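Novice: I'd like to ask some things about the structure below.
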Amino acid sequence: MSLRVVFLGTSGSVPTLKRSLPSVVVQCSREQLMFDCGENVQQQMMQAKVSFHRKMIVLITHLHGDHVLGLPGLLQTMALMDRKEPVQIYGPAGLKDFLICTKETLNFGLTFPVEIFEILSEGVVCDEEEYRIITTKTNHAVESFAFAFVEKPRPGKFYPKKALARGVVAGELWSKLQHGEEIKLPNDTVVRPSDVMGPTRSGRKIVYTGDTKPFESFASFAHGADLIIHDCTFDDALTEKAAVDGHSTPSQAALQAKAARAKQLVLSHISARYPNANLLLDQARKVFPNSILAEDFMELELPLSE
Ligand SMILES: [Zn+2]
Ligand SMILES: [Zn+2]
């Protein structure tokens with residue numbers, strides 16, 4: 149499946165003229181996942197051409213306004229667009245009350261079902277056909293969760309020449325082998341998937357931290373990630389302030405990515421005090437060279453691993 153990561157909002161706490169509040173969308177082949185939902189997310193979605201009608205799962209890291217205040221507006225806009233597909237929303241305890249209270253107070257109707265799941269423990273929060281979402285608690289000022297999108301392993305590469313050499317003609321039998329089934333030819337020869345296919349290929353992994361200061365178990369949670377999107381609110385000179393507020397600096401985010409043996413790090417949740425955030429990028433790259441700075445409307449395509 150194709151995997152495209154779209155950054156809709158990359159600021160922390162308050163929006164700026166260039167950065168909207170936190171929200172990242174991962175578009176898979178048939179559906180999309182939204183990590184956090186800052187205010188004004190609808191305009192960001194329109195500009196980035198993110199669908200309002202596709203199957204959608206929203207994952208909220210924590211109940212600080214900058215991460216969750218976009219939800220009521222987004223749901224209302226979707227209803228006015230006559231959305232029919234359900235929306236599933238996962239987040240910390242309190243999320244359900246917040247949404248029900250807003251919906252009742254503002255008295256808006258919905259044209260589609262909204263299913264709210266409060267996260268009660270770490271581990272798998274949803275298990276779909278092609279991927280799982282796994283969560284762990286982070287180290288922030290309030291209860292907060294990081295999420296890992298983990299694609300399920302894909303079958304190995306199919307070699308048509310090997311199949312033909314064993315007398316398996318193209319068609320239904322190829323499809324059976326590709327789906328892991330053993331087949332029997334008219335001459336009683338058995339052909340196994342491993343005879344005509346390469347080894348299983350590992351899936352891709354994307355980790356979204358939400359707000360957090362560094363924590364011990366992160367390296368194993370994010371191990372081998374293709375992409376880590378990490379809190380990077382303050383620069384290294386403000387390490388003490390970052391610790392008090394429950395945020396990370398570039399060096400800290402980079403050390404986390406290094407410890408997790410990640411392939412790429414994206415610094416996000418940038419404080420409004422940095423109109424130019426290149427300083428943050430420089431500090432991160434000293435520790436983890438494959439770091440980039442998130443910008444609103446930046447898009448990353450994650451290629452399939454071979
Ligand atoms: Zn925040
Ligand atoms: Zn926060």
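Reading the sequence shown from the start, the letters are residues 149 to 454 in the numbering used here.
Beta carbons are placed, not taken as given, at the ideal position from N, Cα and C, and that holds for glycine.
Bear in mind the structure is a predicted one, so any value in this text is a computation, not a measurement.
On the CB-based measure, 16 or more other CB atoms within 10 Å of its CB, does Ile281 come out buried or exposed?
Specialist: Looking at its Cβ environment, which holds 16 or more other Cβ atoms inside 10 Å, Ile281 is buried.
Novice: Taking the C-alpha atoms as reference points, what is the distance between Thr284 and Phe256?
Specialist: Roughly 33 Å between the two C-alpha positions.
Novice: Between the region 432–441 and the region 179–187, do at least 3 Cβ pairs fall closer than 8 Å?
Specialist: Cβ pair count under 8 Å is below three, so no.
Novice: Nearest by alpha-carbon distance to Asp393: which of Ala289, Ala311 and Val272 is it?
Specialist: It is Ala289.
Novice: Cutting at 6 Å between CB atoms, please list the residues of its own chain near Leu217, excluding the five before and the five after it.
Specialist: Cβ within range, chain order: Glu187.
Novice: Considering only C-alpha positions, which residue in the set Val154, Thr337, Phe436 and Asp245 is nearest to Lys197?
Specialist: Measuring from the Cα of Lys197, the nearest candidate turns out to be Val154.
Novice: Throw me the rounded Cβ distance for the Leu325 and Val338 pair, which I believe falls under 8 Å.
Specialist: 11 Å between Cβ atoms; not a contact.
Novice: So what does Glu263 bridge to, in DSSP terms?
Specialist: In DSSP, Glu263 forms a bridge with Gln236.
Novice: Any heavy atom of ligand 1 inside 7 Å of the beta-carbon of Asp214?
Specialist: Yes; taking the cut-off as 7 Å, the Cβ of Asp214 has a heavy atom of ligand 1 nearer than that.
Novice: Using CA atoms only, rank isn't needed, just tell me which of Leu151, Arg167 and Gly157 is closest to Ala420.
Specialist: Of the candidates Leu151, Arg167 and Gly157, the one whose C-alpha sits nearest the C-alpha of Ala420 is Arg167.
Novice: Tell me which same chain residues have a C-beta within less than 7 Å of the C-beta of Gln195, skipping the five on either side of it?
Specialist: Here the set comprises Phe445.
Novice: Please check the pair Pro234 and Phe260, which I expect to be a contact at CB under 8 Å, by giving their CB distance rounded to whole angstroms.
Specialist: 6 Å between Cβ atoms; contact.
Novice: With a Cβ-Cβ cutoff of 8 Å, do Ala405 and His371 count as a contact?
Specialist: No, the Cβ-Cβ distance between Ala405 and His371 is not below 8 Å.
Novice: Residue range of the beta strand (DSSP E) that Val206 falls in?
Specialist: Counting along the chain, the beta strand (DSSP E) containing Val206 begins and ends at Lys203 to Leu207.
Novice: Could you name the residues that DSSP lists as bridge partners for Cys274?
Specialist: In the DSSP output, where bridge partners are listed per residue, Cys274 has Ile281.
Novice: When you compare only the Cα positions, how much space is there between His327 and Met345?
Specialist: Going by the C-alpha atoms only, they are around 11 Å apart.
Novice: Mind checking Leu228: buried by the 16 CB within 10 Å criterion, or exposed?
Specialist: With fewer than 16 other Cβ atoms within 10 Å, it is exposed.
Novice: Quick check: Ile267 and Phe293, are their CB atoms within less than 8 Å of each other?
Specialist: Yes. Within cutoff.
Novice: Does the Cβ-Cβ distance between Lys190 and Leu222 come in under 8 Å?
Specialist: Sequence check: residue 190 is Gln here, not Lys. For Gln190 and Leu222, yes; Cβs fall inside 8 Å.
Novice: Can you give me the start and stop residues for the alpha helix (DSSP H) that Met226 sits inside?
Specialist: Element bounds for Met226: Gly218 to Leu228.
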